[in-house]
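Engineer:
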Amino acid sequence: MSFERVEGIWLTNDPIPLVEFLELSGISETELRELIDYGALLPIDPSADPWQFHAACLLTVRTARRLRESFDLELDGVAVIITLLDRIRDLERQLNGLLALSPGRSQIDAG
Amino acid sequence: MKYKDYYAVLDVPRDATAADIKKAYRKLAHKYHPDVSKDPEGEEKFKKVGEAYETLKNPDKRAAYDRLGTHVPGDDFEPPPDWKGQFGDSHASFEDVDLSDLFASIAGGRRRSERGRGVPRQSGEDYESTVRITLEQAFGGTEVELNLSVLESDESGLLRRVPRALKVRIPRGATEGQRLRIAGKGGKGHGGGRDGDLYLDVHLEPHPLFRVDGHDLFLDLPLAPWEAVLGGSVEIPTLRGSVRLKVLPMTQAGQRLRLSGRGLPKPVGDPGDLIAIVQIVLPTELTDGERQLFTRLAEESKFDPRARIMSEVRDEL
């Protein structure tokens, strides 16, 4: 089988302009504004016009879209879940950091 | 085409009400949804549940599905003749078409198979995949092979799963849980819509020596008691070969010795650090000479390692 060679880019703190962000995330601007109002994510500089977002925020919005579609949820409910998922991820990162410091301990598999 | 029993997947009777179907789906979605479930097979199970619900929640799709009758799951069956007109053109062949992809064609009364003018602009589906790489591969960058099954329309307008083989370059800078976006390698867009993207979730295989926190690496550094007391230079492994590390006299257990820039490279900026955590280890067997030396040390030393904890106890009393 022949393989097509492709390159990827890391989703980190690179800025993505609003228009591209909406296209990539598959949600409308109204929905995005609603998620921002509920505190589920933030533009890099909320006072900037137009907004830009960290590339990593794409994952948050994609999760929001998946949850809304799968559970038929209102966006405010989705925002609560996302905030809690962020906290869990943050705690997992902290736990992982502590395990990295503990001699002879194996780390959690977040995958 | 292979038959799938959507009612059995949702564990509902064939005459279940729409409310029962929704309730059954939600119960299973809570259990298996990849964003909330810890079940390692959750994603696969959720796909099946989601596929069944997609068809059964929509009255048109459910009626079309019911017209198939009941078959043994996995058995080949021939769809009714009028399906050709409904799902594709008259030359359409249903061989190798997945039942779920066929039902996906009936989206809100609109056939995705309709082409040409009037086709709404629709972005291609995004795909997600997980790869596991070693720490060494993360350090130097690597290439992974991916075999995907991507949805595309054939000449007759039917959606079919098409194999796509990719060699994805994973650039330096990976760490646990980092995501890579490969633009345009998801499903094909329709009506001028953009092609979907592929998202790769990168995980690191556990390493026998190094533990990872972000881009920092942690290594247990065993020292003999005399090395910790007298100090010296010790050889330690890094991902770029071994280096010599200076150990200061009177180094304590648990002390962290940082080697700046010897951790994992980052996508941008300085690489992480390698942090060696001192462990003081003893030989499992002593020679007579060593035992004599330790005995002499015990007689000679006035050091009381428990002075602090005992004084705490005395203060309490």
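Protein chains in written order, with the numbering used here: chain A, 1 to 111; chain B, 1001 to 1317. Note that beta-carbon positions come from the ideal geometry of N, C-alpha and C, so glycine has one too.
Do the CB positions of P1283 (chain B) and A1228 (chain B) come within less than 9 Å of each other?
Structural biologist: The residue labelled residue 1283 (chain B) in the question sits at position 283 within the second sequence. The residue labelled residue 1228 (chain B) in the question sits at position 228 within the second sequence. Against a cut-off of 9 Å, the Cβ pair of A1228 (chain B) and P1283 (chain B) comes out as no contact.
Engineer: Alpha carbon to alpha carbon, how far is I81 (chain A) from D72 (chain A)?
Structural biologist: Position 81 of the first sequence holds residue 81 (chain A). Position 72 of the first sequence holds residue 72 (chain A). Taking the straight line from one Cα to the other gives about 13 Å.
Engineer: Does the stretch 1135-1151 of chain B come within contact of the stretch 42-53 of chain A, defined as at least 3 CB pairs closer than 8 Å?
Structural biologist: no
Engineer: List, in order along the chain, the chain B residues whose C-beta lies closer than 8 Å to that of F3 (chain A)?
Structural biologist: The sequence position of residue 3 (chain A) within the first sequence is 3, counting from 1. Residues of chain B whose Cβ lies closer than 8 Å to the Cβ of F3 (chain A) are, in chain order, E1145, A1165, L1166, K1167.
Engineer: Are the Cβ atoms of R1062 (chain B) and T1070 (chain B) separated by less than 9 Å?
Structural biologist: As a first step, residue 1062 (chain B) is located in the second sequence; it is residue number 62 there, counting from the start. As a first step, residue 1070 (chain B) is located in the second sequence; it is residue number 70 there, counting from the start. Going by C-beta atoms, R1062 (chain B) is not nearer than 9 Å to T1070 (chain B).
Engineer: How many Å lie between P1305 (chain B) and L101 (chain A) at the Cα?
Structural biologist: The residue given as residue 1305 (chain B) occupies position 305 in the second sequence. The residue given as residue 101 (chain A) occupies position 101 in the first sequence. Between P1305 (chain B) and L101 (chain A), the C-alpha separation is close to 23 Å.
Engineer: Which residues share a DSSP beta bridge with S1059 (chain B)?
Structural biologist: Here residue 1059 (chain B) corresponds to residue number 59 of the second sequence, with the count starting at 1. As written in the sequence, residue 1059 (chain B) is Pro, which differs from the Ser given in the question. Answer by DSSP bridge pairing: none, since P1059 (chain B) is not bridged.
Engineer: Label K1027 (chain B) either buried or exposed according to how many other C-beta atoms from any shown protein chain fall within 10 Å of its C-beta, with 16 as the threshold for buried.
Structural biologist: Taking the second sequence and counting its residues from 1, one reaches residue 1027 (chain B) at position 27. By the 10 Å Cβ count, K1027 (chain B) comes out exposed.
Engineer: Note the first and the last residue of the continuous alpha helix (DSSP H) segment covering G97 (chain A).
Structural biologist: Indexing the first sequence from 1 puts residue 97 (chain A) at position 97. Unbroken alpha helix (DSSP H) run through G97 (chain A): 75-101.
Engineer: What are the partner residues of Y1199 (chain B), as DSSP defines its beta bridges?
Structural biologist: Taking the first residue of the second sequence as position 1, residue 1199 (chain B) is located at position 199. According to DSSP, Y1199 (chain B) bridges with B:E1128, B:R1181.
Engineer: Take every Cβ of the stretch 73-93 of chain A, pair it with every Cβ of the stretch 1010-1018 of chain B, and state whether three or more of those distances are shorter than 8 Å.
Structural biologist: no
Engineer: The stretch 1208-1227 of chain B: which residues have C-beta closer than 7 Å to a C-beta of chain A, in chain order?
Structural biologist: R1211, V1212, D1213, F1218, D1220
Engineer: Nearest-angstrom Cα distance between S1149 (chain B) and D1195 (chain B)?
Structural biologist: Here the question's residue 1149 (chain B) lines up with position 149 in the second sequence. Here the question's residue 1195 (chain B) lines up with position 195 in the second sequence. The alpha-carbon atoms of S1149 (chain B) and D1195 (chain B) are separated by roughly 15 Å.
Engineer: Checking the sheet assignment: what are the DSSP bridge partners for N1147 (chain B)?
Structural biologist: Position 147 of the second sequence, counted from the first residue, corresponds to residue 1147 (chain B). In the DSSP output, where bridge partners are listed per residue, N1147 (chain B) has B:A1165.
Engineer: Could you tell me which residues DSSP pairs with G1241 (chain B) in its beta bridges?
Structural biologist: What you label residue 1241 (chain B) is simply residue 241 of the second sequence in a count that begins at 1. G1241 (chain B) is bridged to B:T1238, B:L1239.
Engineer: Spatial neighbours of L1204 (chain B) within its chain, please: CB distance less than 8 Å, with the 5 preceding and 5 following residues excluded, ordered by chain position.
Structural biologist: Here residue 1204 (chain B) refers to the residue found at position 204 of the second sequence. Closer than 8 Å at the Cβ level, and outside the excluded window around L1204 (chain B), lie R1132, I1133, T1134, L1135, A1138, A1174, T1175, E1176, V1212.
Engineer: Less than 9 Å between CB atoms is the rule here; does Q1279 (chain B) satisfy it with respect to chain A?
Structural biologist: Residue mapping note: residue 1279 (chain B) aligns to position 279 of the second sequence, counting from 1. Closer than 9 Å to some Cβ of chain A, the Cβ of Q1279 (chain B) qualifies, so yes.
Engineer: Between the beta-carbon of R1291 (chain B) and the beta-carbon of L1274 (chain B), is there less than 9 Å?
Structural biologist: Along the second sequence, one-based indexing puts residue 1291 (chain B) at 291. Along the second sequence, one-based indexing puts residue 1274 (chain B) at 274. No.
Engineer: Does the Cβ of L1051 (chain B) have 16 or more other Cβ atoms within 10 Å, making it buried, or fewer, making it exposed?
Structural biologist: Counting from one through the second sequence, the residue named residue 1051 (chain B) turns up at place 51. A small correction: the amino acid at residue 1051 (chain B) is Glu; Leu does not occupy that position in the sequence shown. Answer is buried; the Cβ neighbour count reaches 16.
Engineer: Roughly how many whole angstroms lie between the Cα atoms of T1238 (chain B) and Q94 (chain A)?
Structural biologist: As a working mapping, residue 1238 (chain B) is identified with position 238 in the second sequence. As a working mapping, residue 94 (chain A) is identified with position 94 in the first sequence. Computed Cα separation, rounded: 24 Å.
Engineer: Does Q1292 (chain B) come out as helix, strand or coil in the three-state DSSP assignment?
Structural biologist: Residue numbering aside, residue 1292 (chain B) sits at position 292 when the second sequence is read from its first letter. Correct three-state label for Q1292 (chain B): helix.
Engineer: Measure from the alpha carbon of K1002 (chain B) to the alpha carbon of each residue in B:D1101, B:I1309, B:A1029, then state which is nearest.
Structural biologist: Within the second sequence, numbered from 1, the residue matching residue 1002 (chain B) stands at position 2. Looking at the Cα atoms, B:D1101 is the closest of the given residues.
Engineer: List the residues of chain B whose Cβ lies closer than 9 Å to the Cβ of I9 (chain A), in chain order.
Structural biologist: Within the first sequence, residue 9 (chain A) is the residue found at index 9, counting from 1. Chain B residues near I9 (chain A): P1171, L1180, R1181, I1182, A1183, P1267.
Engineer: Could you work out which residues of chain B lie near R66 (chain A), taking near to mean beta carbons separated by less than 7 Å?
Structural biologist: Sequence index remark: in the first sequence, residue 66 (chain A) carries index 66 (1-based). Per Cβ cutoff of 7 Å: D1035.
Engineer: Could you work out which residues of chain A lie near D1197 (chain B), taking near to mean beta carbons separated by less than 8 Å?
Structural biologist: In the second sequence, the residue the question calls residue 1197 (chain B) occupies position 197. Chain-order list of chain A residues neighbouring D1197 (chain B): L24, by C-beta distance under 8 Å.
Engineer: In whole angstroms, what is the alpha-carbon distance linking T12 (chain A) and P1163 (chain B)?
Structural biologist: The sequence position of residue 12 (chain A) within the first sequence is 12, counting from 1. The sequence position of residue 1163 (chain B) within the second sequence is 163, counting from 1. Taking the straight line from one Cα to the other gives about 30 Å.
Engineer: Where L1010 (chain B) and Y1065 (chain B) are concerned, what is the direct C-alpha to C-alpha distance, given to the nearest angstrom?
Structural biologist: The residue labelled residue 1010 (chain B) in the question sits at position 10 within the second sequence. The residue labelled residue 1065 (chain B) in the question sits at position 65 within the second sequence. Their backbone Cα atoms lie some 15 Å apart in a straight line.
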